[in-house]
Structure formats: C-alpha cells, structure tokens
Amino acid sequence: MYVPLLLTDFLDRAVKLYGEKTAVIDDEKVVTYFELNERVNRLSHGLQELGVEKGDKVAILAPNTLEMLEGFYGAFQLGAVTVPLNIRLKPNDYLFILNHSETKVLLVDHELYGLIDPVRDQLNVEQIIVHGGSKIELEENDLNYEVWLDRFSVKPFDRAEMDEKDIASLLYTSGTTGDPKGVMLTHRNNYLQALQVMHHLRVSDQDVVLHVLPMFHVNGWGSIFYYTGNGSTQVMLRKTRPNIIFEKLQKHDVTIMHMAPTVLNSLLQYYDESKLNLNQNVRVIIGGSAPPVTFVAKVEEELGWEFIQIYGMTETSPLTLTSLIRAQHVDEPKEVQYRMKSKAGYQMFLTDVKVVNEEGEEVAPNSQEIGELVIRSNGVMEGYWKNEKATNEVIRNGWFHTGDMGVVDQDGNIEIVDRKKDVIISGGENISSIEVENILYEHSAVIEAAAISIPHEKWGETPHAVVVVRDNETVTEEEIIAFARERLAHYKAPTSVSFVKELPKTGSGKIQKAYLRNEFWKNRDRMVN
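For the sequence shown, my numbering assigns the number 7 to the initial residue and increments by one for each residue that follows.
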C-alpha cells in the first residue's frame, strides 16, 4: 500500500485526537485544534477564491503568530507552496525573493507592512493580505486578513490531489553568491524530517513549546509539523526579548524551546541580572554555532535546563546531527558530557553523514584530520529553484556537500572547525560575504573590499570589512558602517572596518580571505564561533 506523506496529515491527526485541546496561545488569542482547523479551512477557501492553485506560491512575512502557523496549513490544502520570509530583510530583498519565487499571494503582518511599500510598484504579486489589517491604513487593493477570512466557510476543504514528491516549501537562504537561493523542500522532505526530529527531541502531547525560533527559519526547524502532529500546545512569541520569554515560560509551563545561541546568551545574562527563581523542566534546543563548554554547563547547572545542540542546513530540511548523550556515555563525568554537548554531534535517524577529505575518503576519527561534511538523507532538498547549476555544485554523486569543515572524535561525534564557503553566520543568520562586498563597492571612496567573519561575544561571529581606499580619498570606519546599514539589513552590515593598502590575492587574482581571517582568529582553536 502506498500512502503519500503529506504535511496536511499533521494537523489532521491533531484535530482527530486533540480537537478540544489548546493548540495555540498567541497573547490574548487562544484557540483549540478544532478552532485552528476551522481557521485553516477558511483560509484555504479564501485562497482558492483568489485563484491560488496547486504549485502556486503563497509567501508569509510575519513574526511567530497564530496567523503565520495557519498560513502554512491553509496553503498546503491547495497543494500550494509556502514561501516564509525572513522578517529582518530590506525591501529590495523582498522584491527579489517575491518576484524570483513567482509568489501569487503575500500574507504580511501589519507591523511589517511598511517593508513592502517601497517596492510595491515593482512586485508581481497579485494580492496582498494583511494580518491585523484593522490596526493600520491599507492601500486600496489590499485586504484586511480577519475581515476577509470571516467571509469563508469553516467546512472541510476539498483538497488538491497531491503526492509526497510535490514541493511544499520554498525557502530562501544566503550563500556564497549575492542573491539568495530558493531551496525546494518536498512534502516528503519535511515529513520525514519531522518524524526523525520529534524522536530525538522526545516530543509528546504533554509538551508546551514556546516558539522562540522564527518560523521562517526552515519552518521553525520543522517544529510547526511535529508539535502540531503531537497535539502539543504552541505558545507564540512576537519579540525575542528575555523578559517576555521568561514571563511566557513560567506563565504557560513551557517544556521546550528552540533558539539561536545569541538568544540563549541573552537569557543567561537576564537570568544573572534578575535572579529569577526557576524550577521548571525545560529542554532548550540550540543550533547555529557551537557554544563553549562553560555555556553548556551554565544552562544545565544554573538554569536547570537540558541543553541539546543540533546541526543542520536549510538544504537538509534542516536538522541532521544531535549532541544528545548516548547510553554508553551517561556515566561519564559531567565535564566530559558538556564537551560532547558542545559539538555538532552524531547523525540523526534517516540521515547518513560523513566527513571526507578531497579524495572523498572518510577522515580518521582522531579529532585532528579535517574534512568536509557530506550528507545523504530523505531531508536533502530537491534543488535550488531555477538554479540547476548551483544545485549540481552541491549535490554530487548522491551526497549533499555542506561546505562546512569538521573533525570526528573517537566516538563518532562531529565538530565543526571551519567553513569552506565564505558565509558569515551571525546570530544564527546566514550572510553572504559577496552581498556585503557589493554594497561596499558602491561607496565612492572604496576601490577594493572583502567581507569576513570575526569573533563576536554576543553574536558568535559578525561581519567585518577590510577596505582599500582610493588615492586622495578619505573615509572613516563609522562612515563605512553607516553606508552599509542604509543599504543592508542591519545584521548584514559590518560592525567594524580595517583599512589596508592592498588585499592579499592568489595568482589568479582571487582575494585570499583565509589570510584576512587568520589575524582575527589566530588565538582560537577553530575559525568558527
């Protein structure tokens, strides 16, 4: 018997088994799984009236809200493809993504509505619908989400005929080229990812998840599927402010959270300052950059939370490694366990991960020999949207090449030690060095520029600009930073600048960024943070 793995199954299961249970708490809005399903049906009927069909793109620009969650399932029922948008981008970024993806309908939160106005006239989007539209003045042809939604029936939607190989998600990620690439994930990719991750994270119907990690990050690392399917209660969070996180954590008896290391670091700082009295079993899932061992120890010993490190990429749906302590190591000293938990870890179910040298041979498990992480799994993307060349560059001989360099210890734990690609990861966000450099070159005083990652206490690493100034020109560090911040999302802009007479280059003229980075990382045992 062949039954396709479809993402609509997750909400269907929740409605069948947990209909009267609280599904979502979004500040004053509280809905059961029955009520969530009714809103999803209304949305599907509404999108159908707008002409959305199987394969059409529905983009969502919103913080973590009830409306964002239902947007995914409302689109899936039509066989449509969701395009979650990073809320920290600039208008021109949205212009590229929305037009490149061929988005038909854009759902946007009222707080982010202003980001669309500067590029509205250049957009090919047919309809814009605004969450919380009654709170602001809308353009003439835009729709107020709640008013519009109320027009449609709560009756079950007659779904499109779908297969598990159909594309479900189109996720844009920065890489080594200036323009972001659209990662195509199928229903099967997302479905099997959800099953493997919920096993490792021990997700159950007794969980209360606080959605700290943005849902636009690879569907919240797939969390919108496995917490829904298990009937967990999902608490929404608009702003990642430590005081609000701790308030919701205690008020709603939260049991699990996902977040970037920078967010967890802010929670630790707030905890130290406020002297909170915590007595709550919480699992905190961290991914983005490897934390120091002292960081892990503080989370477990002072906050009393279980620390779980994971590794993944958008192209792999995303999670592939976990640092959970295995049975053979439970009697090891805490210091040894904390060291293990600070690593990227070992492969999850349904995933095969190797670290290989340039000849494709696995490196020795000695924590010394460095190779590239390659992955083969059901989570690996179908490819990049309208970019076959880039797809073929990363999927070779049946393996996805991550561009991340690592070592393997004697127990099979992988540790990331460097990056093959010149991607800067700051606060869990991918930043294309080329995109930053293109902006720097627009400055009239800049003749050459390179963007590199340097260590940063709060963000793990941060963009740094190395600039060659034209003869007879003068420019300050502050001016370069301000120039970049006017043209880039602020997290992408350099936070510091070095001025040099010339940039080191190879014989072919390529800038040798490794030499530039070495100066800033020379006192560290690895070139990632």
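All residues carry an ideal CB built from backbone N, CA and C; glycine is no exception.
Since the structure is predicted, the reported quantities are computational estimates derived from the model, not experimental observations.
Counting the other CB atoms within 10 Å of its CB gives D99 a total of 16 or more, which places it among the buried residues. DSSP places D99 within a helical segment (H, G or I) once states are collapsed to three.
Excluding its 5 nearest sequence neighbours in each direction, T109 has C-beta neighbours in its own chain below 6 Å: K63, A65, V89 and V131, listed in chain order.
For V342, the enclosing alpha helix (DSSP H) stretches over residues K340 to K347. Nearest in C-alpha terms to R523, of all of L17, D428 and Q315, is D428.
Contact between K519 and I437 fails: their C-beta atoms lie close to 14 Å from each other, not under 8 Å. Among the bridge pairs identified by DSSP, T357 is matched with S383.
Between V209 and T239, the C-beta spacing is not below 8 Å.
Minimum Cα-Cα distance from V269 among the listed residues P297, N105 and H205 corresponds to P297.
Non-local beta-carbon contacts of M346 in its own chain, meaning distances under 7 Å to residues more than five positions away in sequence, involve S329, I331, H335 and N419 in chain order. A Cβ-Cβ separation of about 5 Å places H137 in contact with D115 under the 8 Å criterion. Judged by DSSP in its simplified three-state form, Y317 adopts strand.
Distance check between W527 and each of F505, I458 and P500 places I458 closest, using alpha-carbon atoms only. The Cβ atoms of V111 and L75 do not sit closer than 8 Å to each other.
Straight-line measurement puts the Cα of N236 at about 11 Å from the Cα of S229. Apart from sequence neighbours up to five positions away, the residues of its chain that approach Y233 with a beta-carbon distance below 6 Å are V215 and Q240, ordered along the chain.
Using a Cβ distance threshold of 8 Å, A488 and R94 do not count as a contacting pair. Collapsing the DSSP output to three states places Y233 in a helix.
Between N105 and L129, the C-beta spacing is below 8 Å. Counting other Cβ atoms within 10 Å of its Cβ, V153 stays below 16 and is therefore classed as exposed. In the structure shown, the three-state DSSP call for A456 is strand. Judged by DSSP secondary structure, S432 falls within the beta strand (DSSP E) whose first and last residues are V429 to S432. Uninterrupted alpha helix (DSSP H) stretches at least 4 residues long and entirely within the segment 138-209 occur at 151-155 and 193-206, given in chain order. The three-state secondary structure of N436, taken from DSSP, is strand. Assigned with DSSP and collapsed to three states, K245 falls in coil, not helix or strand. As the crow flies, the alpha-carbon of H258 is around 11 Å from that of I251. Counting C-beta pairs with one atom in each stretch, the segment 154-167 and the segment 368-387 have fewer than three that are closer than 8 Å, which means they do not touch. Proximity to I460 across V473, P469 and K254 peaks at P469, based on C-alpha coordinates. Counted as a single uninterrupted DSSP element, the beta strand (DSSP E) harbouring I262 occupies residues I262 to M265.
CA-to-CA, the gap between A174 and L191 works out to about 6 Å. The C-alpha of V9 is placed about 16 Å away from the C-alpha of L201. Of the residues assessed, Q416 falls on the exposed side of the cut-off, its CB having fewer than 16 other CB atoms within 10 angstroms. Between the alpha carbons of L72 and N43 lies a distance of about 12 Å. G412: member of the beta strand (DSSP E) spanning W405 to V414, first to last residue. A distance below 6 Å between beta-carbons, with the five flanking residues on each side excluded, links N92 to the following residues of its chain, in chain order: F222.
Scanning its chain for C-beta atoms nearer than 7 Å, with the 5 sequence neighbours on each side dropped, one finds around G310 the residues L284, in chain order.
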